[in-house]
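Student: In my numbering, the protein residues as written are -4 to 543.
Below is the structure:
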């Protein structure tokens, strides 16, 4: 019954697209339910907000100073959303939710075109029902958009190299355009990932499907149109300085740990395997099989992309969790193709997959069960925590009903039913249960648990900035890095440049009151002659310098 319904939907293009649209609502619901998180979410939203406030939509800024770490494209998307929905959390996260639908639609259409409609729909369901990819579409970070452009560029490149497709020049142009879009979204690593993936693929194929010179030139035409337009506009308006600083920063990210993000070599291997539950487990057999003769040689391309990303960012000295997020796409295809083979009785569900699925499903369920219980009875942890700031933060009064752990019980129930379905070869039923359980679990976490966690981590500081938003004053963090004081204080454009210097705020000739927020472990301002402590909440202390 379930298989018949699945096939009916999969083979009907518009039914499938409608289903994917409904699933995409899970990415949208609750987007504005929590404040943006420091650093990245607030950082990016603040750049978009400052574009609107300053009227300068070309230059990326933070604190109304040039911000050379990122190109502007993602911020343009956020600006567009803010123009529609207002300057708020929902708008800042909406571009990724929208791209979540683009992902699901693209996977279905690519699968339908080159394989079967059933594989395409399985691919979308597998991706939708995986932990980290699903979470990323509820965020306000750059990577989901960045990764999408890289993937589409590689997809068109794969079609170009098959040389049996019509209008190869058009496909090469598309590949170049999307590669250019990836670069103006996050930086040159977008082109690097495409180039390295192409190189690995050509080495595997012994350079036999090498693209013709005409197609290479056509690719660079599309790439140059996009990149050249941005560089021309930036240089004509602001000179070459920010482009030079941008290139220098990108090199530093790879050569040395930036902002203390140094992790062991195997960091991304663990993140991808554990965080991409359950598709990482489903995909495992695909890493041991001999090369298949699949349409557009897609498995080889996806394996090439997966290993390029995983190894490149394992070598990089700066390791942040979302750097390996590009692996989610090829991993999802490998999982979907193996699952499709299971569905058609051409593969057997392995015993070790059952063990791993149940084991890691239980681990995640225990996390969902234990986390709210630990935070409700957090005083029991204090003797074992050596971080005074963490202890002070956890002392923030947050109400826990005691029933939040049932979310984890719900997840565990879904894992068990999925496990039984897979073991009994009811694969589509298992996939539907697994995907829907994870989506509903994350929705419950978003509405019930995450606001409470956010309430004692950064909540007191953000609430304070919002409280003084209407006051004519200056507000800054003191002794720690944050972007919340810009976004949630709604920092005005055109203020005095002196305010950017901390010493001026401390001792200078100010023209309005100054508020400084420090962590509870930093009491330097307690003895400062110009400041007085006005309150201490959770892990934060709030000071004021009066203007007379």
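Glycine included, each C-beta is placed from N, C-alpha and C at the ideal position.
1) Just the Cα atoms here: how many angstroms apart are residue 540 and residue 506?
2) On the three-state DSSP scale, how would you describe residue 207?
3) Between which two residues does the beta strand (DSSP E) carrying residue 530 extend?
4) Let me check one thing: in DSSP terms, what residues is residue 61 bridge-paired to?
5) For the beta strand (DSSP E) that residue 537 lies in, which residues bound it at each end?
6) Taking residue 147 and residue 101 to be in contact with their CB atoms under 8 Å, please state how far apart those CB atoms are, rounded to whole angstroms.
7) To which residues of the same chain is residue 2 closer than 8 Å at the C-beta, ignoring the five residues directly before and after it?
8) On the three-pair Cβ rule with 8 Å, is the stretch 113 to 126 touching the stretch 64 to 82?
9) For residue 4, which residues in the same chain have their Cβ closer than 8 Å to its Cβ, ignoring the five residues on either side in sequence?
10) Any chance the stretch 273 to 287 sits against the stretch 332 to 344, with 3 or more Cβ pairs inside 8 Å?
11) Do residue 296 and residue 531 have their beta-carbon atoms positioned less than 7 Å apart in this structure?
12) Classify residue 261 as buried or exposed, calling it buried when 16 or more other Cβ atoms lie within 10 Å of its own Cβ.
13) Would the beta-carbon of residue 178 fall within 7 Å of that of residue 186?
14) Identify, in the order they occur along the chain, each residue of the same chain with its Cβ nearer than 8 Å to the Cβ of residue 457, setting aside the five sequence neighbours on each side.
15) Out of 230, 291, 322, 520, state which residue places its alpha-carbon closest to the alpha-carbon of residue 265.
16) In whole angstroms, what separates the C-alpha of residue 452 from that of residue 119?
17) Look at residue 300 and residue 192 and say whether their C-beta atoms are less than 7 Å apart.
18) Taking 7 Å as the threshold (beta carbon to beta carbon), is residue 439 in contact with chain C?
19) Report the partner residues of residue 514 according to the DSSP bridge assignment.
20) Quick one, which of 173, 320, 221, 199 has its alpha-carbon nearest residue 189's?
21) Can you tell which of 338, 272, 169 has the C-alpha that lies nearest to the C-alpha of residue 151?
22) According to DSSP, simplified to helix, strand and coil, what is residue 616?
23) Is the stretch 395 to 407 close to the stretch 432 to 446, with three or more CB pairs under 8 Å?
24) Hey, out of 52, 502, 134, 409, whose CA is closest to residue 37's CA?
25) Am I right that residue 422 and residue 338 are in contact with their C-beta atoms under 8 Å? What's the rounded C-beta distance?
26) Quick one: Cα of residue 156 to Cα of residue 394, how far?
27) Please name the residue in 430, 529, -1, 522 whose C-alpha comes closest to that of residue 512.
28) Compute the beta-carbon to beta-carbon distance between residue 171 and residue 205, rounded to the nearest angstrom, for a pair I have assumed lies under 8 Å.
Tutor: Here's the rundown:
1) Indexing the chain shown from 1 puts residue 540 at position 545. Indexing the chain shown from 1 puts residue 506 at position 511. Answer to the nearest angstrom: the Cα atoms are 11 Å apart.
2) Stepping through the chain shown from its first residue, residue 207 is reached at position 212. Residue state, collapsed to three classes: coil.
3) If you number the chain shown from 1, residue 530 lands on position 535. 527 to 532 is the span of the beta strand (DSSP E), which, as asked, contains residue 530.
4) Counted from its first residue, the chain shown places residue 61 at position 66. The partner list for residue 61 (beta bridge, DSSP) reads 56.
5) What you label residue 537 is simply residue 542 of the chain shown in a count that begins at 1. Here the beta strand (DSSP E) through residue 537 covers 535 to 540.
6) In the chain shown, counting from the first residue as 1, residue 147 sits at position 152. In the chain shown, counting from the first residue as 1, residue 101 sits at position 106. Between residue 101 and residue 147 the Cβ distance is about 7 Å, and since that is below 8 Å, they are a contact.
7) Sequence index remark: in the chain shown, residue 2 carries index 7 (1-based). Cβ within range, chain order: 113.
8) The stretch 113 to 126 vs the stretch 64 to 82: no contact.
9) As a working mapping, residue 4 is identified with position 9 in the chain shown. Once the five neighbours on either side are set aside, the close Cβ partners of residue 4 are 10, 11, 14, 116.
10) Under the three-pair Cβ rule at 8 Å, the stretch 273 to 287 counts as touching the stretch 332 to 344.
11) Sequence index remark: in the chain shown, residue 531 carries index 536 (1-based). Sequence index remark: in the chain shown, residue 296 carries index 301 (1-based). Cβ distance not < 7 Å, so residue 531 and residue 296 don't count as in contact.
12) Against the chain shown, residue 261 aligns to sequence position 266. Classification for residue 261: exposed.
13) The sequence position of residue 178 within the chain shown is 183, counting from 1. The sequence position of residue 186 within the chain shown is 191, counting from 1. Yes.
14) Locating residue 457 in the chain shown gives position 462, counting from the first residue. Here the set comprises 30, 479, 483.
15) Position 270 of the chain shown, counting from 1, holds the residue named residue 265. The closest CA to that of residue 265, considering only 230, 291, 322, 520, is found on 322.
16) For the purposes of this step, residue 452 is taken as the residue at position 457 of the chain shown. For the purposes of this step, residue 119 is taken as the residue at position 124 of the chain shown. In this structure, the straight-line span from the alpha carbon of residue 452 to that of residue 119 is close to 34 Å.
17) In the chain shown, residue 300 corresponds to position 305, counting from 1. In the chain shown, residue 192 corresponds to position 197, counting from 1. Using a Cβ distance threshold of 7 Å, residue 300 and residue 192 count as a contacting pair.
18) The structure shown contains no chain C; it is built from a single protein chain.
19) Within the chain shown, residue 514 is the residue found at index 519, counting from 1. Residue pairing of residue 514 in beta bridges, as defined by DSSP: 535.
20) Sequence index remark: in the chain shown, residue 189 carries index 194 (1-based). Out of 173, 320, 221, 199, 173 has the C-alpha closest to the C-alpha of residue 189.
21) For the purposes of this step, residue 151 is taken as the residue at position 156 of the chain shown. When only C-alpha atoms are compared, the closest one is 169.
22) Here the chain covers residues -4 to 543 and nothing more, so residue 616 does not appear.
23) Verdict: yes, contact present.
24) Position 42 of the chain shown, counting from 1, holds the residue named residue 37. Relative to the Cα of residue 37, the nearest Cα in the group 52, 502, 134, 409 belongs to 134.
25) Taking the chain shown and counting its residues from 1, one reaches residue 422 at position 427. Taking the chain shown and counting its residues from 1, one reaches residue 338 at position 343. Sure, about 5 Å apart at Cβ, within 8 Å.
26) As a first step, residue 156 must be located in the chain shown, where it is residue number 161. As a first step, residue 394 must be located in the chain shown, where it is residue number 399. Using only the alpha carbons, I get a separation of about 58 Å.
27) As a first step, residue 512 must be located in the chain shown, where it is residue number 517. Cα-wise, what sits closest to residue 512 is 529.
28) On the chain shown, position 176 is the one that residue 171 refers to. On the chain shown, position 210 is the one that residue 205 refers to. Their Cβ separation, rounded to whole angstroms, is 17 Å, which puts residue 171 and residue 205 out of contact at 8 Å.
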